[in-house]
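Sequence lines, in order, name chains V and Y.
Numbering-wise, the first sequence is residues 1 to 542 according to our numbering.
Numbering-wise, the second sequence is residues 1001 to 1140 according to our numbering.
For every residue, glycine included, the Cβ atom is placed at its ideal position computed from N, Cα and C.
Data first, discussion second: the structure below is written as structure tokens.
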Amino acid sequence: MYKYDNYDQAIVDARVADFRDQVKRRIAGEITEDQFKPLRLMNGLYLQLHAYMLRVAIPYGTLDSRQMRMLAHIARKYDRDYGHFTTRQNIQYNWIKLEECADILEELATVEMHAIQTSGNCIRNISSDQYAGAAADEVVDPRPWAELLRQWSTFHPEFSYLPRKFKIAVIASAEDRAAMRLHDIGLELIRKDGELGARVFVGGGMGRTPMIAPEINPFVKADDLLSYLEACLRVYNRYGRRDNIYKARIKILIHEIGADEYRRQVAEEFAHVKTLGIDPPTAELERISAFFAPPAYDASDAEPDRSDPDFAVWLDQNVKPHKQAGYAIVNISLKPIGGIPGDATSAQIDVMANLAEKYSFDELRVTHAQNIVLPYVAKRDLYAVWQGLRDAELADANLDLISDIIACPGLDYCSLANARSIPVAQKIATRFADMDRQRDLGELKLKISGCINACGHHHAGHIGILGVDRKGVENYQLTFGGSGAEDVSIGKIIGPGFDEDGVVDAVEKATEVYKALRQGNERFIDTYRRVGMNPFKEAIYG
Amino acid sequence: MVEFRYRSDEVTEQPSVTLDAFLDQSNATAVRLEPDDDARALIPFLDRLTLIEVAFPKYRDGRGYSAARILREAGYQGELRAQGDVLVDQIAFMRRCGFDSFAPEASLNPEAVARALSNYDHVYQKAADTAVPIWKLRHG
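In structure tokens, the structure reads:
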């Protein structure tokens, strides 16, 4: 894990003092809410329906037990004893008092955490593969690159007032666990003739106009990456649309001028930017990489005892192969049946921290699917880890099943939402509460957004649900066929929307069509892609 | 009105002209860039310009930051002024992009500006100012 040096710490500490002053001026009435807004938004503080919400950055989703315990502490001391893990690998607190914000940031800074650029039209928290460093299929650990980008993008003077927010994901495997091509910039690290570099995809995103990022450069050398990204951002900052907030993301620019023209402009800008000497020396990437050296593995390869049937089920569903013999990757589901996707109590956060400290070389990850990962668990310890999770009600064996739902906070919290997301997620999970039934349906990624902004990634759901407001009534549209993985695709709306119970029924009917038509090992999405929308439509609307 | 200036030379008295007017008549020494204007159009003329004023009609419109860097990267040495909806919390970023004078529409508190400019001792990236990026401090 990366550790701050004095420079990193000084920047985060200075930010706390800075924000404390800004809040003080706001509370004293020296600045208006209008003037305060851009300041608080640069620091992850949103005014929601009922209270302030604070979004804390978890860079590339990686944290240690000390940091995780701090997140629990903040939930306990400053919020209503829980936190909400987000699709951008961050955590949000929903019931924050303005006058306590600076204290929270100060506490976070003591464990090398912050809320810098978790909102605003700037480069947001860099996201990555939750299995980084543990995945058998990775070319290299992507996190040092993500940390390099974190530092480069922090308080970037030219790119803090972009046309719109800007999200970057970095992966290093052919399997995409980070929805890389649905980001403003997606980087896939690859090796070419022995040299490391990045495939650069630009212009993906969800929102009201979902787009899959086209490849803009098949290989940018490590030493050129920051210059290349500066060129990408500069073209966007200069020519991205600012006349309409809904057309301001980079995907619209690239869609309008075309990927070829954007590529040409970036190449021209890059030829200039590269002369400015903004790329750090290789030694800097090496310095950062040293923090991500593999842990001191010492377990021999031994399969766990499967005699406890509940444990065996969890093992098969939530535990994934590791690149190191004797080890496994443990997924902790934050999707209990009937619960709120992504929420965890302070007690649960503490339990996860303790298990990470004892059994996972002190490391945890947050996933974009709003779950938690223990990346380095020895197989001999899996049963103990499972017992610890079970006792904290964290052992739901539903990873990637229909109840492992991504959902945005929706109208229960969010001031942008048109409809509630959480109750729909709860009803669907409850309808499919029978775990045998879920397992029979297999991998089925269901994602729910409470408005067109698509924070719940509904476009990328095998089944997506979009809540809209129809003449003052919450209405839910269904989409099928989306994927945020390496088989990336955008879901299509299947027909007229439903009310809350109607959409649950429609999802159930879709699963029945799938069961009737599937061949071999086909997943829901494979069957849908093979047979098309009609059989589903007939069953649902017929 | 110029409220903050970080240069020792004399203030240019000549009023600035629009980019189009400048490209037409071109004996002016002061020019004003609107957000839509291409700063690179000035590159052939930088030697004889003493003032480039960059308009910020809305603080959210960040095109002027790129314009400033482009001009400095091309070697422009004259006064680079940010004019318009310039807020105290943008001044540090603007300085880093090469602005050295500020004409905010709404008057700014000099103490707050001084504080904003001295809040952070170090920066992560190389830009158009003389600040040495942290990676260089780490590796020499």
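Between the CA atoms of residue j and residue i - distance to the nearest angstrom
i: Q1014 (chain Y); j: T1029 (chain Y); result: 7 angstroms
i: A10 (chain V); j: A1116 (chain Y); result: 15 angstroms
i: A134 (chain V); j: L355 (chain V); result: 17 angstroms
i: H322 (chain V); j: I525 (chain V); result: 26 angstroms
i: V313 (chain V); j: L389 (chain V); result: 14 angstroms
i: V23 (chain V); j: T86 (chain V); result: 25 angstroms
i: Q438 (chain V); j: D5 (chain V); result: 47 angstroms
i: K247 (chain V); j: I494 (chain V); result: 25 angstroms
i: L108 (chain V); j: A506 (chain V); result: 44 angstroms
i: I123 (chain V); j: Q117 (chain V); result: 7 angstroms
i: D8 (chain V); j: V220 (chain V); result: 27 angstroms
i: L47 (chain V); j: R55 (chain V); result: 11 angstroms
i: Q370 (chain V); j: I406 (chain V); result: 7 angstroms
i: V266 (chain V); j: Y228 (chain V); result: 8 angstroms
i: D1020 (chain Y); j: R164 (chain V); result: 29 angstroms
i: F543 (chain V); j: L63 (chain V); result: Because chain V spans 1 through 542 in this model, residue 543 (chain V) falls outside it and cannot be assessed.
i: K274 (chain V); j: L225 (chain V); result: 10 angstroms
i: V1132 (chain Y); j: G277 (chain V); result: 12 angstroms
i: Y383 (chain V); j: L1137 (chain Y); result: 47 angstroms
i: K427 (chain V); j: D501 (chain V); result: 8 angstroms
i: R1096 (chain Y); j: Y1076 (chain Y); result: 15 angstroms
i: K3 (chain V); j: S289 (chain V); result: 11 angstroms
i: Q167 (chain V); j: D308 (chain V); result: What sits at residue 167 (chain V) in the sequence shown is Lys, not Gln. The straight-line gap from Cα to Cα measures roughly 43 angstroms.
i: R80 (chain V); j: L98 (chain V); result: 15 angstroms
i: G481 (chain V); j: L446 (chain V); result: 10 angstroms
Listed by chain order, chain V residues near residue i by CB distance under 8 angstroms
i: E1073 (chain Y); result: H272 and L276
i: N1119 (chain Y); result: A14, A17 and D18
i: D1061 (chain Y); result: Y161 and R242
Beta-carbon proximity list for residue i, same chain, < 6 angstroms, skipping 5 on both sides
i: K320 (chain V); result: I329
i: F201 (chain V); result: R181, G186, A213 and E215
i: G1064 (chain Y); result: V1054 and F1056
i: A132 (chain V); result: D141, P142 and R143
i: L411 (chain V); result: A417, A419, R420 and G450
i: E357 (chain V); result: S65
i: S160 (chain V); result: C122
i: P1035 (chain Y); result: D1061 and R1063
i: L53 (chain V); result: What sits at residue 53 (chain V) in the sequence shown is Met, not Leu. Cβ neighbours of M53 (chain V) beyond the five flanking positions: Y46, Q92 and N94.
Cβ neighbours of residue i in the same chain (closer than 7 angstroms, five flanking residues each side left out)
i: S128 (chain V); result: Y60, G61, P142, R143, A146, A169, V170, I171 and A178
i: M1001 (chain Y); result: A1103
i: E269 (chain V); result: A231, R234 and V235
i: L517 (chain V); result: T527, V531 and P535
i: V563 (chain V); result: Absent from the structure is residue 563 (chain V), since the part of chain V shown begins at 1 and ends at 542.
Within chain V, partners of residue i - CB distance below 9 angstroms
i: L1137 (chain Y); result: Y7
i: R1007 (chain Y); result: What R1007 (chain Y) touches in chain V: nothing, since even the nearest Cβ is about 19 angstroms away.
i: R1043 (chain Y); result: For the record, residue 1043 (chain Y) in the displayed sequence is Ile; it is not Arg. Those within 9 angstroms of I1043 (chain Y) in chain V number zero; the least Cβ separation is about 11 angstroms.
Residue i: contacting residues in chain V (beta-carbon distance under 7 angstroms)
i: S959 (chain Y); result: Past the boundaries of the shown model lies residue 959 (chain Y); chain Y is included only from 1001 to 1140, so the question cannot be answered.
i: F1093 (chain Y); result: P157 and S160
i: R1069 (chain Y); result: E158
i: R1096 (chain Y); result: P157
Residue i: CB within 7 angstroms of a non-hydrogen atom of the ligand SAM
i: D103 (chain V); result: The ligand SAM is not part of this structure, which contains no ligands at all.
Residue i burial status per 10 Å Cβ neighbour count (16 or more: buried)
i: Y541 (chain V); result: exposed
i: F291 (chain V); result: exposed
i: N244 (chain V); result: exposed
i: I27 (chain V); result: exposed
i: E138 (chain V); result: buried
i: A1068 (chain Y); result: buried
i: Q519 (chain V); result: exposed
i: Q1025 (chain Y); result: exposed
i: G194 (chain V); result: exposed
i: N94 (chain V); result: buried
Cross-chain neighbours of residue i in chain Y, by beta carbon under 8 angstroms
i: T154 (chain V); result: Y1124
i: L39 (chain V); result: D1089
Residues that residue i contacts on chain Y, provided the C-beta gap is smaller than 7 angstroms
i: A283 (chain V); result: H1139
i: P535 (chain V); result: None at all; the shortest Cβ gap to chain Y is about 48 angstroms.
i: A10 (chain V); result: D1121 and H1122
i: Q426 (chain V); result: What Q426 (chain V) touches in chain Y: nothing, since even the nearest Cβ is about 38 angstroms away.
Practice problem: Pair every Cβ in the stretch 32-41 of chain V with every Cβ in the stretch 322-338 of chain V, then say whether three or more of these pairs are closer than 8 angstroms. | Solution: no
Quiz item: Three or more C-beta pairs closer than 8 angstroms, one from the stretch 1009-1026 of chain Y and one from the stretch 1049-1064 of chain Y: is that the case here?
Solution: yes
Exercise. Give a yes or no on contact between the stretch 40-50 of chain V and the stretch 345-354 of chain V, applying the rule of three or more CB pairs nearer than 8 angstroms.
Key: no
Quiz item: Does the stretch 468-476 of chain V come within contact of the stretch 415-424 of chain V, defined as at least 3 CB pairs closer than 8 angstroms?
Solution: yes
Self-check item: Stretch-stretch touch, CB-based, cutoff 8 angstroms, three pairs: the stretch 1058-1072 of chain Y with the stretch 1123-1136 of chain Y
Solution: yes
Self-check item: Touching by the beta-carbon criterion (3+ pairs, under 8 angstroms), the stretch 69-88 of chain V and the stretch 99-119 of chain V
Solution: yes
Exercise. Tell me, please, whether the stretch 359-367 of chain V touches the stretch 300-312 of chain V by the rule of three or more beta-carbon pairs shorter than 8 angstroms.
Key: no
Quiz item: Would you say the stretch 455-464 of chain V touches the stretch 483-498 of chain V, given that touching needs at least three Cβ pairs under 8 angstroms?
Solution: yes
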